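Residue numbers (the working numbering): 195 to 432.
Even for Gly, the Cβ is constructed at its ideal location relative to N, Cα and C.
Just so you know, these numbers come straight off a predicted model, no measurement behind them.
To start, the structure under review is shown below, and the notes come after it.
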Ligand SMILES: [Zn+2]
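Spelled out as structure tokens, the structure:
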């Protein structure tokens, strides 16, 4: 008798065991569905804005400029605090800078990295009042062009504050970060947008070229970088 009961109990246990297994599968599927719905309906940053893979690189074209090389000293600041916080690694920082700067070899312009700082300051006004934001940083840390690396930029890939000689590139973007960096440097050096998708100044392409006219403009402005007009502030798009 005891054995019989015992075996029945065992059967019952097995049944309830498979019942729980089935429920577990259902619950898991339901959770996966909920998670994917949140994912799809969530901010588009999570779907289309991505970090630039390290295997993507830019090979510079031979410069048609026979004249002297123009070297611009730059400072690089990585926002490490607040809502614009960047998660870039040292490798990613070097990758964006080296590839982005290489675009300007075409104009025989190079960039001298004077400093790379991790920045722990209040960045709430980074986009809304950039000149005020810049006041938090000691003047002796700033250079002719100041490059800020941020996590995001309110849906923009990059921003150029042309009158302030400051620019920003986001971690999560819809292009290549080094192309965005070169595009924003182009704005700082006086370029507007181009209608040619192969141009670095075209909006929303992966173009990295500079026209002969653009080369002349950036070279002229690179040389005049000391005479700044601090009044003009432009916010950029993509
Ligand atoms: Zn632009």
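Start-to-end residues for the beta strand (DSSP E) that takes in residue i
i: residue 466; result: The question about residue 466 has no answer, for the chain in this structure spans 195 to 432.
i: residue 269; result: 264-273
i: residue 355; result: 352-355
i: residue 415; result: That residue, residue 415, is in no beta strand (DSSP E); its alpha helix (DSSP H) goes 406-417.
Beta-carbon separation (whole angstroms), residue i vs residue j, contact threshold 8 Å
i: residue 320; j: residue 271; result: Not really, about 11 Å apart at Cβ, beyond 8 Å.
i: residue 385; j: residue 402; result: No, residue 385 and residue 402 are not in contact; Cβ-Cβ is about 13 Å, not under 8 Å.
i: residue 351; j: residue 368; result: 6 Å
i: residue 317; j: residue 358; result: Not confirmed; about 15 Å, so no contact.
i: residue 228; j: residue 301; result: So it is not a contact: roughly 52 Å between Cβ atoms.
Top-ranked residue by Cα proximity to residue i, from the options
i: residue 370; options: 293, 413 and 268; result: 293
i: residue 265; options: 331, 303 and 364; result: 303
i: residue 299; options: 334, 394 and 225; result: 394
i: residue 417; options: 375, 262 and 372; result: 262
i: residue 251; options: 218, 288 and 222; result: 288
i: residue 276; options: 313, 218 and 242; result: 313
i: residue 434; options: 223, 297, 224 and 220; result: This structure gives no information on residue 434, because the portion of the chain shown stretches from 195 to 432.
i: residue 379; options: 332, 406, 333 and 295; result: 295
Cβ pair residue i, residue j closer than 8 Å
i: residue 244; j: residue 366; result: yes
i: residue 269; j: residue 323; result: no
i: residue 364; j: residue 377; result: no
i: residue 338; j: residue 419; result: yes
i: residue 375; j: residue 290; result: yes
i: residue 360; j: residue 342; result: yes
i: residue 246; j: residue 372; result: yes
Contacts around residue i, its chain only, beta-carbon distance under 6 Å, and the 5 residues preceding and following it disregarded
i: residue 399; result: 391
i: residue 414; result: none
i: residue 330; result: 315
i: residue 344; result: 273, 278, 280, 362 and 364
Alpha helix (DSSP H) segment containing residue i, residue limits
i: residue 295; result: 284-296
i: residue 325; result: 324-328
i: residue 375; result: 371-382
Residues near residue i in its chain [Cβ-Cβ closer than 8 Å; skip 5 each side]
i: residue 306; result: 265, 266, 267 and 268
i: residue 428; result: Low per-residue confidence applies at residue 428: pLDDT is 45, beneath 50, and the placement is therefore not dependable, though the value from the model is reported in the following sentence. Cβ neighbours of residue 428 beyond the five flanking positions: 354, 355, 356, 357 and 381.
i: residue 285; result: 248
i: residue 406; result: 258
Contacting residues, own chain, Cβ-Cβ under 7 Å from residue i (five flanking each side not counted)
i: residue 335; result: 269, 309 and 311
i: residue 328; result: 358 and 360
i: residue 348; result: 321
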